[in-house]
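Peer 1: Here's a structure for you.
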Amino acid sequence: MIRSEWEKHCRDPVLWDVGCANDEIRNRFVIPFLSSVLRRFRPSTVADVGCGSGYIIRALAAQEWAASVHWRLIDSSQRMLDYASTRMPASAQYTAIAADLLLDIGTDSWPRSSAVVSTFTLLEFPLNEDVVDRLARLIQSGGTLIVVIPDVLQDIISTSTLEATIKEYCAGHIALTKIDKFLRETIPFHANRFERIIECFSRIFDLITMCSTVNSKGNRYYGIVWRSRT
7 MIRSEWEKHC RDPVLWDVGC ANDEIRNRFV IPFLSSVLRR FRPSTVADVG
57 CGSGYIIRAL AAQEWAASVH WRLIDSSQRM LDYASTRMPA SAQYTAIAAD
107 LLLDIGTDSW PRSSAVVSTF TLLEFPLNED VVDRLARLIQ SGGTLIVVIP
157 DVLQDIISTS TLEATIKEYC AGHIALTKID KFLRETIPFH ANRFERIIEC
207 FSRIFDLITM CSTVNSKGNR YYGIVWRSRT
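Per the numbering used here, residue 7 is the first one in the sequence shown, and the count goes up by one each step.
Laid out in structure tokens, this is it:
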């Protein structure tokens, strides 16, 4: 989420972490999917863009295969980073970086990682070429980008102005609001069309290396892996 929106809708890291701990999708799909991909490609550095409370990274860093990985926790909320930092496994090598993807990240001076993870982060801003370029600049040549996103069609269908909403969504993106399932508060989110996501990332990255899906309570979730061009 961009910094100005975080100031208005700053999630409580404790409540967020508890929500993650009880979330079926994160624990039964996201973490196993990320673990299988990272074990396959064996990156030396992994950046989590929009790491939040660090729940997912902690689960990955605690696994045996991750002993030599250096983790980069990136989030626009210093409060989230402070929480995440104090709960990383004692043996984990990591750096916490307070940064906004849309405002700070993207210069050539930023450290590049051999893998970048984006878990639900694409719900926090409209996807465009600038966003993709910024993410690409975080990845080493030949590195891996892993994106986890939900199918937002259920959110589209539940809106009161369905016809107008579908028209905007079909054009690529629409901004909506919804009740956060962890905090029970109304927050803004961005419904980026799935085809738009594939189109934007495929412009810079090679063909999709892996794709996994799961259906939970009528909602579908996708895990997608791209490899950057060498």
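We put the CB at the ideal spot given by N, CA and C, even for glycine.
Which class does T184 belong to by DSSP, given the choice of helix, strand or coil?
Peer 2: In the sequence shown, counting from the first residue as 1, residue 184 sits at position 178. Per the sequence shown, the amino acid found at residue 184 is Lys instead of Thr. Of the three classes helix, strand and coil, the one that applies to K184 here is strand, per DSSP.
Peer 1: What separation, rounded to the nearest whole angstrom, lies between the Cα atoms of C57 and I80?
Peer 2: Counted from its first residue, the sequence shown places residue 57 at position 51. Counted from its first residue, the sequence shown places residue 80 at position 74. Their backbone Cα atoms lie some 6 Å apart in a straight line.
Peer 1: Taking only runs that begin and end inside the segment 105 to 190, name each unbroken alpha helix (DSSP H) of 4 or more residues, in chain order.
Peer 2: As far as the segment 105 to 190 is concerned, its whole alpha helix (DSSP H) runs of at least 4 residues are 135 to 142, 159 to 163, 168 to 176.
Peer 1: What did DSSP end up calling C57 once you bin it into helix, strand or coil?
Peer 2: Reading the sequence shown from its first residue, position 51 is the one you call residue 57. It is coil, neither helix nor strand.
Peer 1: Which residue marks the beginning of the beta strand (DSSP E) containing P194, and which one marks its end?
Peer 2: Residue mapping note: residue 194 aligns to position 188 of the sequence shown, counting from 1. Here the beta strand (DSSP E) through P194 covers 192 to 198.
Peer 1: Would you mind sorting C26 into buried or exposed? The rule is 16 or more other CB atoms within 10 Å of its CB.
Peer 2: As a position in the sequence shown, residue 26 is number 20, starting the count at 1. Buried, by the Cβ-count rule.
Peer 1: Specify whether the segment 125 to 135 and the segment 203 to 219 touch according to this definition: at least 3 beta carbon pairs, one from each stretch, less than 8 Å apart.
Peer 2: Enough Cβ pairs lie closer than 8 Å, so yes.
Peer 1: Below 8 Å on the Cβ atoms is my guess for L40 versus V123; work out the distance and round it to an integer in Å.
Peer 2: To locate residue 40, count along the sequence shown from 1; it is residue 34. To locate residue 123, count along the sequence shown from 1; it is residue 117. That belief holds up - the Cβ atoms of L40 and V123 are roughly 6 Å apart, short of 8 Å.
Peer 1: Give the DSSP bridge partners of S41, in chain order.
Peer 2: Taking the sequence shown and counting its residues from 1, one reaches residue 41 at position 35. Paired residue(s): none; S41 is not in a bridge.
Peer 1: What residues are listed by DSSP as bridge partners for Q84?
Peer 2: On the sequence shown, position 78 is the one that residue 84 refers to. DSSP, once it has assigned bridges, lists no residue as partnering Q84.
Peer 1: Quick one: Cα of R93 to Cα of L168, how far?
Peer 2: Your numbering for residue 93 matches position 87 in the sequence shown. Your numbering for residue 168 matches position 162 in the sequence shown. Near 43 Å, if we compare the C-alpha coordinates of L168 and R93.
Peer 1: Quick one: Cα of E13 to Cα of F131, how far?
Peer 2: The residue labelled residue 13 in the question sits at position 7 within the sequence shown. The residue labelled residue 131 in the question sits at position 125 within the sequence shown. Note that E13 scores 46 on pLDDT, short of 50, meaning its location in the model is unreliable; the coordinates nonetheless yield the value given after this. Between E13 and F131, the C-alpha separation is close to 15 Å.
Peer 1: Rounded C-beta distance between T150 and F35? I'm assuming under 8 Å.
Peer 2: Along the sequence shown, one-based indexing puts residue 150 at 144. Along the sequence shown, one-based indexing puts residue 35 at 29. With 8 Å as the limit, T150 and F35 do not qualify as a contact, their Cβ atoms being about 18 Å apart.
Peer 1: Going by beta carbon distance, what residues of the same chain come within less than 6 Å of R235, once the five residues before and after it are set aside?
Peer 2: Counting from one through the sequence shown, the residue named residue 235 turns up at place 229. Excluding positions up to five away in sequence, the list reads D212.
Peer 1: Going by DSSP, name the residue or residues bridged to T101.
Peer 2: Taking the first residue of the sequence shown as 1, we reach residue 101 at position 95. R78, per the DSSP bridge assignment.
Peer 1: When the Cα atoms are used, what is the spatial distance from R17 to L189?
Peer 2: By one-based count along the sequence shown, residue 17 stands at place 11. By one-based count along the sequence shown, residue 189 stands at place 183. In a straight line, the C-alpha of R17 is about 8 Å away from that of L189.
Peer 1: Beta-carbon separation of G178 and R140 under 8 Å?
Peer 2: To locate residue 178, count along the sequence shown from 1; it is residue 172. To locate residue 140, count along the sequence shown from 1; it is residue 134. No; because the gap between Cβ atoms is not below 8 Å, this pair is not in contact.
Peer 1: I'd like to confirm the pairing. Which residues does DSSP put opposite T215 in its beta bridges?
Peer 2: Stepping through the sequence shown from its first residue, residue 215 is reached at position 209. Its beta-bridge partners do not exist; DSSP assigns none.
Peer 1: Need the endpoints of the alpha helix (DSSP H) that V20 sits in, please.
Peer 2: Here the question's residue 20 lines up with position 14 in the sequence shown. Counting along the chain, the alpha helix (DSSP H) containing V20 begins and ends at 19 to 27.
Peer 1: Taking C-alpha atoms, which residue in V231, Y227, S115, R233 lies nearest to N33?
Peer 2: On the sequence shown, position 27 is the one that residue 33 refers to. Of V231, Y227, S115, R233, the residue nearest in Cα terms is Y227.
Peer 1: Touch check for the segment 104 to 118 and the segment 59 to 66: three-plus C-beta pairs under 8 Å?
Peer 2: The segment 104 to 118 is not in contact with the segment 59 to 66.
Peer 1: Using 10 angstroms around the beta-carbon of D88, count the other beta-carbons present and answer buried if the total reaches 16, otherwise exposed.
Peer 2: Counting from one through the sequence shown, the residue named residue 88 turns up at place 82. D88 is exposed by the Cβ-count criterion.
Peer 1: Starting from the Cα of A181, find the closest Cα among E191, K187, R199 and give me that residue.
Peer 2: One-based indexing of the sequence shown puts residue 181 at position 175. Comparing Cα positions, the closest option is R199.
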